[in-house]
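A.B. asks:
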Amino acid sequence: MRGHGMVSEVPTSTAHDHVCWIYRDDAELHAVGMEFLAGGLAQGERLLCVGDRMAEGLRRDPGALGGAAALIAAGTLEVLTLTEAYEAAGGFSTERQRAFYDAATRRALTDGYTGLRVLADVTALAGDPVHHDELVRWEHVADEFIANGPGMSALCGYRADLPEAALADVTSVHPLVHTTADDAVPFRLFFDGRRLVLAGDVDTLGAERLVRALRSSPVESGAPALDLTDLRFADVAAYRAIAAWARALADDGEPVELWNAPALLRRTWQLLGLDEWASVSFPSTA
Numbered sequence: 015m016r017g018h019g020m021v022s023e024v025p026t027s028t029a030h031d032h033v034c035w036i037y038r039d040d041a042e043l044h045a046v047g048m049e050f051l052a053g054g055l056a057q058g059e060r061l062l063c064v065g066d067r068m069a070e071g072l073r074r075d076p077g078a079l080g081g082a083a084a085l086i087a088a089g090t091l092e093v094l095t096l097t098e099a100y101e102a103a104g105g106f107s108t109e110r111q112r113a114f115y116d117a118a119t120r121r122a123l124t125d126g127y128t129g130l131r132v133l134a135d136v137t138a139l140a141g142d143p144v145h146h147d148e149l150v151r152w153e154h155v156a157d158e159f160i161a162n163g164p165g166m167s168a169l170c171g172y173r174a175d176l177p178e179a180a181l182a183d184v185t186s187v188h189p190l191v192h193t194t195a196d197d198a199v200p201f202r203l204f205f206d207g208r209r210l211v212l213a214g215d216v217d218t219l220g221a222e223r224l225v226r227a228l229r230s231s232p233v234e235s236g237a238p239a240l241d242l243t244d245l246r247f248a249d250v251a252a253y254r255a256i257a258a259w260a261r262a263l264a265d266d267g268e269p270v271e272l273w274n275a276p277a278l279l280r281r282t283w284q285l286l287g288l289d290e291w292a293s294v295s296f297p298s299t300a
C-alpha cells in the first residue's frame with residue numbers, strides 16, 4: 015500500500031507522496047520545505063515552490079538548496095506566489111489546478127527531470143470561506159493525480175492557527191500528515207492506485223466531512239473500491255455516509271466494493287437495511 019499515516023519528520027519522499035504539514039511558524043515551514051525540496055534535487059526532480067511565505071523565505075535565505083538563484087536560472091526551480099500560481103492556472107478551481115500540474119509534470123519529464131516536486135503553502139486559501147471548499151476538493155482530486163499521474167509529489171503547508179474545522183478538512187484528504195495533535199486528524203481518505211482507502215475513526219461529528227470527501231472523489235468506470243483495512247472505528251452515521259456514496263454510484267451503474275470491511279460493519283449494514291438501499295459487495299484482500 016502507498017505510504018500513509020502520521021509523520022513526525024519530513025518523509026524521504028518519492029514520486030506519488032502527498033504530505034500535509036501543519037506548521038507553527040514561518041521558520042518551521044522554511045526548514046521543512048527546504049528539506050523536502052532538497053530530497054527532490056537528490057532524485058533529479060524539478061522543483062516548484064508555491065506561496066508567499068515560501069517565496070519570502072527563499073529571498074531571506076539565498077543560499078538555500080545550494081543557491082536558489084542558480085537553480086531558478088537553470089530551470090530546476092520555479093517560485094510562484096499564490097496570485098502568480100492562480101494566474102498561471104487561469105484562476106483557482108479544481109479542474110484548472112489539475113490541468114496546470116499535469117502540464118507542469120509532463121514538461122518536467124520532457125525536459126529530462128525524473129518528476130515534479132511541489133512545495134505549496136496554501137494557508138490563505140484554507141482560511142478563506144470563498145475558496146475553502148474548493149481547496150479541499152482540489153486536495154482530494156490532487157491526491158488521485160499524485161497517486162496515479164506521471165510523477166508528482168507534494169508537501170502542502172498549513173499554519174496551525176487556522177480554525178480547527180479547516181485543519182480537519184485538509185488533513186482528512188492527505189495520506190501523510192504531520193500535525194501538533196494526532197486527535198486533530200480523526201480519519202484520512204486517500205487513493206492507493208485507483209482504489210480509495212479510509213483510515214482512522216469516523217464518528218457522527220466527522221460523517222458530514224466524509225460525505226463531502228467521498229462526493230468529490232474521482233471515480234473511473236469499473237467497480238469503485240473503498241478499502242477499509244485501516245478503519246479503526248465507524249458509527250452509524252459513518253455507515254450511512256458510505257451507503258449514500260455507494261447508492262449514488264450504483265444509480266450511475268457503478269457497483270461498489272467495500273474491501274476488508276470489519277465484521278461489525280457488515281453485520282450493522284444488514285441490521286440497518288443498508289444492503290437493500292445500497293447494494294455493495296464485501297471482498298477480502300490479502
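Just so we're aligned, residue 15 is where the sequence shown starts under our numbering, counting upward by one.
All residues carry an ideal CB built from backbone N, CA and C; glycine is no exception.
#1: What does Asp215 pair with, by DSSP beta-bridge criteria?
#2: Does the separation of the CB atoms of Ala140 and Val199 fall below 7 Å?
#3: Classify Arg67 as helix, strand or coil using the three-state DSSP reduction.
#4: Would you kindly work out how many angstroms separate the C-alpha atoms of Asp40 and Gly71, rounded to a whole number?
#5: Alpha carbon to alpha carbon, how far is Cys63 from Cys170? Give it in angstroms, no decimals.
#6: Buried or exposed: His111, going by 16 or more other Cβ atoms within 10 Å of its Cβ?
#7: When the Cα atoms are used, what is the spatial distance from Leu181 to Tyr172?
#8: Which word fits Ala300, buried or exposed, when buried means at least 16 other C-beta atoms lie within 10 angstroms of its C-beta?
#9: Count the other CB atoms, across all protein chains shown, that sit within 10 Å of the CB of Pro177; report buried if there are 16 or more and exposed otherwise.
#10: Can you tell me the Cα-Cα spacing of Leu228 and Ile256, whole angstroms?
#11: Quick one, which of Ala252, Thr28, Thr243 and Trp273 has its alpha-carbon nearest Thr128's?
#12: Please name the residue in Glu222, Asn274 and Pro143 whose C-alpha comes closest to that of Ala242.
#13: Of all the options His18, Glu59 and Leu286, which has the alpha carbon lying nearest to the alpha carbon of Pro164?
#14: Please identify the residue among Pro269, Asp244 and His192 whose C-alpha is closest to the C-alpha of Glu42.
#15: On the three-state DSSP scale, how would you describe Leu176?
#16: Work out the CA separation of Ser22 and Ala248 for me, nearest whole Å.
#17: With DSSP run on the structure shown, which of helix, strand or coil describes Glu222?
#18: Sorted by chain position, which residues of the same chain lie with C-beta nearer than 6 Å to Ala122's C-beta, five sequence neighbours on each side aside?
#19: Along the chain, where does the beta strand (DSSP E) containing Ala134 start, and where does it finish?
#20: How close, in whole Å, do the beta carbons of Pro189 and Arg73 come, if the pair is a contact with beta carbons under 8 Å?
#21: Quick one: using the 10 Å Cβ neighbour count with 16 as the cut-off for buried, is Met20 buried or exposed?
#22: What are the start and end residues of the beta strand (DSSP E) that includes Tyr37?
#23: Should Val93 go down as buried or exposed, given a rule of 16 or more other Cβ atoms within 10 Å for buried?
#24: In whole angstroms, what is the alpha-carbon distance linking Ala264 and Val150?
#25: Under 8 Å by Cβ, that's how I've got Met48 and Ala83 pegged, so tell me the actual separation to the nearest angstrom.
#26: Select from Ser107, Phe106, Thr108 and Ala102 the residue whose C-alpha is nearest the C-alpha of Ala118.
C.D. replies: For this structure:
#1: In the sequence shown, the residue the question calls residue 215 occupies position 201. Bridge partners of Asp215: Phe247.
#2: In the sequence shown, the residue the question calls residue 140 occupies position 126. In the sequence shown, the residue the question calls residue 199 occupies position 185. No; because the gap between Cβ atoms is not below 7 Å, this pair is not in contact.
#3: One-based indexing of the sequence shown puts residue 67 at position 53. The answer is helix: DSSP assigns Arg67 an H, G or I state.
#4: The residue labelled residue 40 in the question sits at position 26 within the sequence shown. The residue labelled residue 71 in the question sits at position 57 within the sequence shown. Approximately 8 Å, taken between the alpha carbons.
#5: As a working note, residue 170 is residue 156 in the sequence shown. As a working note, residue 63 is residue 49 in the sequence shown. Cys170 and Cys63: Cα-Cα distance of roughly 10 Å.
#6: Here residue 111 is taken as the residue at index 97 of the sequence shown, counted from 1. It should be noted that the sequence gives Gln, not His, for residue 111. When all chains shown are included, Gln111 counts as buried.
#7: To locate residue 181, count along the sequence shown from 1; it is residue 167. To locate residue 172, count along the sequence shown from 1; it is residue 158. Looking at the two C-alpha atoms, the distance is approximately 8 Å.
#8: Against the sequence shown, residue 300 aligns to sequence position 286. Residue confidence for Ala300 is low, a pLDDT of 47 falling below 50, so the modelled location carries little weight; the figure read from the coordinates is stated next. Exposed, since its Cβ has fewer than 16 Cβ neighbours within 10 Å.
#9: Reading the sequence shown from its first residue, position 163 is the one you call residue 177. Counting Cβ neighbours within 10 Å, Pro177 comes out exposed, since fewer than 16 surround it.
#10: Position 214 of the sequence shown, counted from the first residue, corresponds to residue 228. Position 242 of the sequence shown, counted from the first residue, corresponds to residue 256. Rounded to whole angstroms, Leu228 to Ile256 spans 8 Å at the Cα level.
#11: As a working mapping, residue 128 is identified with position 114 in the sequence shown. It is Thr28.
#12: Numbered from 1 along the sequence shown, position 228 holds the residue referred to as residue 242. According to the sequence provided, residue 242 is Leu. The question's Ala does not apply to it. The shortest Cα separation from Leu242 among Glu222, Asn274 and Pro143 belongs to Asn274.
#13: Position 150 of the sequence shown, counted from the first residue, corresponds to residue 164. Closest by alpha carbon: Glu59.
#14: Locating residue 42 in the sequence shown gives position 28, where the first residue counts as 1. The candidate whose alpha carbon is nearest that of Glu42 is His192.
#15: Residue 176 sits at position 162 when you count from the first residue of the sequence shown. The answer is coil: DSSP assigns Leu176 none of H, G, I, E or B.
#16: In the sequence shown, counting from the first residue as 1, residue 248 sits at position 234. In the sequence shown, counting from the first residue as 1, residue 22 sits at position 8. Their backbone Cα atoms lie some 26 Å apart in a straight line.
#17: Here the question's residue 222 lines up with position 208 in the sequence shown. Note: Glu222 maps to helix in three-state DSSP.
#18: Numbered from its first residue, the sequence shown carries residue 122 at position 108. Cβ neighbours of Ala122 beyond the five flanking positions: Arg60 and Leu130.
#19: Position 120 of the sequence shown, counting from 1, holds the residue named residue 134. Where Ala134 is concerned, the enclosing beta strand (DSSP E) stretches over Leu130 to Asp135.
#20: As a working note, residue 189 is residue 175 in the sequence shown. As a working note, residue 73 is residue 59 in the sequence shown. Contact flag wrong, Cβ pair sits at about 32 Å.
#21: The residue given as residue 20 occupies position 6 in the sequence shown. With fewer than 16 other Cβ atoms within 10 Å, it is exposed.
#22: Working through the sequence shown from its first residue, we reach residue 37 at position 23. Per DSSP, Tyr37 belongs to the beta strand (DSSP E) from His32 to Tyr37.
#23: As a working mapping, residue 93 is identified with position 79 in the sequence shown. Val93 comes out buried.
#24: Here residue 264 refers to the residue found at position 250 of the sequence shown. Here residue 150 refers to the residue found at position 136 of the sequence shown. The straight-line gap from Cα to Cα measures roughly 25 Å.
#25: Reading the sequence shown from its first residue, position 34 is the one you call residue 48. Reading the sequence shown from its first residue, position 69 is the one you call residue 83. That belief does not hold up - the Cβ atoms of Met48 and Ala83 are roughly 15 Å apart, past 8 Å.
#26: Stepping through the sequence shown from its first residue, residue 118 is reached at position 104. Considering only alpha carbons, the answer is Ala102.
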